[in-house]
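Per this note's numbering, the very first residue in the sequence shown carries number 1; after that it's consecutive.
Notes to accompany the following structure.
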Amino acid sequence: MTDTIIARIEGSLGRITLNRPKALNALTEEMCVAITQALITWQDDDTVKAVLVDGEGDRAFCAGGDVIMLHDSGKAKDSRAETFWRVEYALNELIQSYSKPYIALIDGIVMGGGVGLSVHGQYRVAGNTTLFAMPETGIGYFPDVGGTYFLPRLGMAVGNWLGLTGARLGPTQSVGLGVATHFVPTQTHGAMIEALSGADDVAAVLEHFNEAPPECEDIPDAVNMFDATRVADILAALDSDGSDWTAHQAKLIRRKSPLAMATTLEAMRRGADLDFRAAMSAELDLSLNFLTIQDFYEGIRAQLIDKDRNPGWSHDGVESVTVEQVERMFRQAADPRLEFLT
């Protein structure tokens, strides 16, 4: 067991803590393997009644994965990226189908890979500092780890908005949209975990600690403009509105890779009709196909390597992305197909 994952049994609670606080608990392949091993072991252990996953430190539950590794692996044309995605996506499916109550304590930053560790589980407990986002399009990629499955199920407009723009949600909006199932103030998390460690009824304990989240601004009704099948149509609707909010959303979209935008929107449309396993298999194909396009490397370079925030995308705008180019992103690329653990 790696020291970046602390897995132990506390009473009747299997507890997993992500232990890379200096890296905002970002996931590695080694961590995914360790989490998988713990979950499989506890699934057959009658003394473990439920599982709780949290993050070490007060800044993040989990801020994502090792994107630089994915960049370097793709450039080198080695197997590291594909191996990581296979392990991570299989873990996402294990969580989604887990037979025991699975509780993710999503206080702090929860993005990318951290979303995959949480939203597919039965319970997601937000705290005062919860900050949820799927920001992958900002690096010329798409919202993976099951994003093409769960985002459309929040409602197509909201799902498309979150997936295309990388919009951030606090605890109140996370609960309101169903990303989180409960809000428990950060200062009472310790008491909640202690109660869970001796609980026969997990749902009752969570309900006992559940509170109304702090008030915040509602998401504007203009979010419904994102319920479209073409990015160009979304932009046209946003441009015609004239509000500060819609102008900001349009600006966010135009800053990102046009090919990633068009591919993401199509992936959401398809994912709305897929079961979870089919969605994850499709995402592996998508991920591998993203390794073949320049925008993936250019986005990571601009955001995370050179940090000049000035990517040179392969298209001038979404209007220049063809249907054929988007279709190529969905061709079967994984051989063998994604293998699941359950």
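Positions of the beta carbon are idealized from the N, C-alpha and C atoms, including for glycine.
May I have the straight-line CA-CA distance separating residue 348 from residue 128, to the nearest angstrom?
-> The structure shown has nothing for residue 348, since the chain only spans 1 to 342.
Endpoints, alpha helix (DSSP H) assigned at residue 38 | If you number the sequence shown from 1, residue 38 lands on position 38. Residue 38 -> alpha helix (DSSP H) spans 29-43.
Where the beta strand (DSSP E) containing residue 15 begins and where it ends | Reading the sequence shown from its first residue, position 15 is the one you call residue 15. Counting along the chain, the beta strand (DSSP E) containing residue 15 begins and ends at 13-18.
In three-state DSSP terms, what is residue 327?
-> What you label residue 327 is simply residue 327 of the sequence shown in a count that begins at 1. Note: residue 327 maps to helix in three-state DSSP.
Would you say residue 2 and residue 29 are within 8 Å of each other, going by their C-beta atoms?
-> Position 2 of the sequence shown, counting from 1, holds the residue named residue 2. Position 29 of the sequence shown, counting from 1, holds the residue named residue 29. Cβ atoms of residue 2 and residue 29: not closer than 8 Å.
Cβ-Cβ separation, residue 138 to residue 166 (assumed contact under 8 Å), whole Å | Your numbering for residue 166 matches position 166 in the sequence shown. Your numbering for residue 138 matches position 138 in the sequence shown. Confirmed, Cβ separation roughly 5 Å.
Taking three-plus beta-carbon pairs below 8 Å as touching, is the region 299-317 in contact with the region 253-264?
-> yes
If you scan the region 72-130 from start to end, which runs of the beta strand (DSSP E) of 3 or more residues do you find wholly inside it?
-> 102-106, 109-111 and 123-126
Express the C-alpha separation of residue 152 and residue 186 in angstroms, rounding to a whole number.
-> By one-based count along the sequence shown, residue 186 stands at place 186. By one-based count along the sequence shown, residue 152 stands at place 152. Cα-Cα distance, rounded: 29 Å.
Using beta-carbon positions only, say whether residue 13 and residue 206 come within less than 8 Å of one another.
-> For the purposes of this step, residue 13 is identified with residue 13 of the sequence shown, where counting begins at 1. For the purposes of this step, residue 206 is identified with residue 206 of the sequence shown, where counting begins at 1. Going by C-beta atoms, residue 13 is not nearer than 8 Å to residue 206.
Write down every uninterrupted run of the alpha helix (DSSP H) in the region 183-266 whose length is 4 residues or greater and which is fully enclosed by it, in chain order.
-> 189-196, 202-209, 231-241 and 244-255
Out of curiosity, what's the CA-to-CA distance linking residue 343 and residue 100?
-> Outside the shown range of the chain (1 to 342) lies residue 343, about which nothing can therefore be said.
Is the CB-CB distance between residue 65 and residue 149 below 8 Å?
-> Stepping through the sequence shown from its first residue, residue 65 is reached at position 65. Stepping through the sequence shown from its first residue, residue 149 is reached at position 149. No, they are not a contact pair.
From this set, 288, 306 and 93, which residue's C-alpha is nearest residue 119's C-alpha?
-> Locating residue 119 in the sequence shown gives position 119, where the first residue counts as 1. When each option's Cα is compared against that of residue 119, the closest is 93.
Three-state secondary structure (DSSP) of residue 146 | Mapped onto the sequence shown, residue 146 falls at position 146. DSSP places residue 146 in coil when its eight states are reduced to three.
Short Cβ contact (8 Å threshold) for residue 157 with residue 231 | Position 157 of the sequence shown, counted from the start, is the residue given in the question as residue 157. Position 231 of the sequence shown, counted from the start, is the residue given in the question as residue 231. No, Cβ-Cβ distance for residue 157 and residue 231 is not below 8 Å.
With 16 other Cβ atoms within 10 Å as the buried cut-off, status of residue 198 = Position 198 of the sequence shown, counting from 1, holds the residue named residue 198. The residue in question, residue 198, is exposed, as its Cβ has fewer than 16 Cβ neighbours within 10 Å.
Hey, residue 346 and residue 273 are a contact pair by Cβ (cut 8 Å); roughly how many whole angstroms apart?
-> Coverage of the chain is limited to positions 1 through 342, which leaves residue 346 absent and any answer about it impossible.
Quick one: what does DSSP say residue 340 is sitting in, helix, strand or coil?
-> To locate residue 340, count along the sequence shown from 1; it is residue 340. Residue 340: coil per DSSP, three-state reduction.
Could you please give the first and the last residue of the uninterrupted beta strand (DSSP E) stretch that includes residue 319?
-> Start at 1 with the first residue of the sequence shown, and residue 319 comes out as number 319. Looking at the DSSP string, residue 319 is not in any beta strand (DSSP E), and its letter there is neither H nor E.
DSSP puts residue 55 in a beta bridge; with which residues?
-> Locating residue 55 in the sequence shown gives position 55, counting from the first residue. BP columns for residue 55 point to 18.
If we call anything under 8 Å between Cβ atoms a contact, is residue 378 one with residue 178?
-> Here the chain comprises residues numbered 1 to 342, so residue 378 is not present and cannot be evaluated.
Ordered along the chain, which non-local residues of its own chain (more than five positions away) have a Cβ less than 7 Å from that of residue 58?
-> Residue numbering aside, residue 58 sits at position 58 when the sequence shown is read from its first letter. Answer for residue 58: 108, listed in chain order.
Based on Cα-Cα distance, which residue from 317, 277 and 283 lies nearest to residue 295?
-> To locate residue 295, count along the sequence shown from 1; it is residue 295. The candidate whose alpha carbon is nearest that of residue 295 is 317.
Are the region 213-220 and the region 168-178 in contact at 8 Å, needing three or more beta carbon pairs?
-> yes
Proximity winner among 62, 33, 21 and 8, relative to residue 42 (alpha-carbon distances) = The residue you call residue 42 lines up with position 42 of the sequence shown. Checking every option, the nearest Cα to that of residue 42 belongs to 8.
Chain-order list of residues whose beta-carbon lies under 6 Å from that of residue 321 (same chain, five-residue window excluded) = Numbered from 1 along the sequence shown, position 321 holds the residue referred to as residue 321. Hits under 6 Å: 258, 259, 262 and 315.
In angstroms with no decimal places, state the Cα-to-Cα distance between residue 298 and residue 60.
-> Counting from one through the sequence shown, the residue named residue 298 turns up at place 298. Counting from one through the sequence shown, the residue named residue 60 turns up at place 60. One C-alpha to the other measures close to 27 Å.
Can you tell me whether DSSP reads residue 162 as helix, strand or coil?
-> Counted from its first residue, the sequence shown places residue 162 at position 162. Here residue 162 sits in helix by DSSP.
For residue 83, count neighbouring C-beta atoms within 10 Å of its own C-beta (all shown protein chains included) and say buried if the count is 16 or more, exposed if not.
-> Translated into positions along the sequence shown, residue 83 becomes position 83. It is exposed - the Cβ of residue 83 has fewer than 16 other Cβ atoms within 10 Å.
If I'm right that residue 344 touches residue 53 with Cβ under 8 Å, what's the distance once you round it to whole angstroms?
-> Here the chain covers residues 1 to 342 and nothing more, so residue 344 does not appear.
Give the range of the alpha helix (DSSP H) segment to which residue 136 is assigned.
-> Within the sequence shown, residue 136 is the residue found at index 136, counting from 1. Element bounds for residue 136: n/a, residue is neither H nor E.
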